[in-house]
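Under UniProt numbering, think of the first position of the sequence shown as 110, with each following residue one higher.
Think of the CB as a built atom: it goes at the ideal place given N, C-alpha and C, for glycine as much as any other residue.
Working notes for the structure below.
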Amino acid sequence: MTRLKAKLAKSPNPFGKALFAILTKDHLSESDWEEVEDTLLMADVGAEASEQLVDQLRSDARVSGERDPKAVRAGLRKRLIDLVDPGMDRTLEADKPETGKPSVIIMVGVNGTGKTTTAGKLARLFVADGKTVVMGAADTFRAAAADQLETWGSKVGVPVVRSDKEGADPASVAFEASSRAKEMGADVLIVDTAGRLQNKANLMDELGKIRRVIEKNLPVEEVLLVLDATTGQNGMIQARVFAEAIGVTGIVLTKLDGSAKGGIVISVQRELGVPVKLVGLGEGPDDLSPFNPESFVDGILG
Ligand code: GDP
């Protein structure tokens, strides 16, 4: 069993189990189908996708008349995999052979979602792959954010470019980090940013400027939006703001080790048209995995 599957199977509220319990009843009434749809909505699958899935499952049941639990499970698994995996490329740009060096990754997302932690874990993955990495602490709003990134840097053996002044210009830290990565001939630059949604205009200005100054030095191929799976559909609002502010090339869904049902994977991919590339499965340095649709679905089916 993969770690993702094992962790999700332990989740206290796998919506797959609830769905399965309804779908294997002898007779499915109208209210059973409504319950299926409610279960999907409560798991953050989103209204449109839930309706689509219920229509498909109803039509499968009508056509095959199948009530055998094994066959029902296989049918549900297939439909869920099709929803979760509309055939998107989930490879990080930095891992593609044709990508120039240093490959730049900007981490964005609301504070508290796990940006800094994910930057550290990601750096560790690249280091384990034999890559040289530089991190830039462009979240200058809280001095503690740079300290936290520095702690990750020393844990994983990666230099961190930061400013000692709280409130320093985040774009100038980002520029310095990109210059350093270029001078060092590093393989990957990871830039952490602040995410205060309270002031959307400022946030947009700040992120736009960070991107522009880095691009004076290096092309930016990857902007990873970090979403906390436990915030449910609220994550969709965040996703729209960041997509508009800076553009997003991939999603990292964190805190999937908790009680989150993860259905937001489906809605966020649909709406933004960008794939979930990584999932956070805990607070430790190794708790980051590539997103694998099949093990994700197997995990939620339990
Ligand atoms: P930032 O403000 O977006 O940079 O968020 P942080 O990286 O500081 O993370 C906020 C909190 O979430 C910290 O306590 C992290 O340890 C925790 N965290 C981050 N990712 C995960 C995850 O995948 N699972 C769990 N359980 N906690 C996480």
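Inclusion of T226 and E380 in the CB contact set at 8 Å is not warranted, their separation being larger than that value. Secondary structure note for M293: its alpha helix (DSSP H) is the uninterrupted segment 279-293.
With a beta-carbon spacing of about 17 Å, K386 and G408 fall beyond the 8 Å limit used to define contacts. K224 counts as buried, since no fewer than 16 other beta carbons sit within 10 angstroms of its beta carbon.
Apart from the 5 residues on each side of it in sequence, K240 sits with its Cβ closer than 7 Å to the Cβ of D296, V297 in its chain, given in chain order. Burial is judged here by how many other beta carbons sit within 10 angstroms of a residue's own beta carbon; P384 has at least 16 and is buried. Per DSSP, the unbroken alpha helix (DSSP H) holding M313 starts and ends at 309-326. Between A290 and P211, the C-beta spacing is below 8 Å. Around the Cβ of I373, a 10 Å sphere holds 16 or more other Cβ atoms; the residue is buried. With respect to L410, G125 sits close: the two C-beta atoms are nearer than 8 Å. When DSSP states are grouped into helix, strand and coil, L334 belongs to the strand group. Minimum Cα-Cα distance from K179 among the listed residues P328, T363, L132, A254 corresponds to L132. Residue pairing for S398: DSSP places it in a beta bridge opposite V388.
Counting C-beta pairs closer than 8 Å gives three or more between the segment 265-279 and the segment 235-254, which meets the contact rule.
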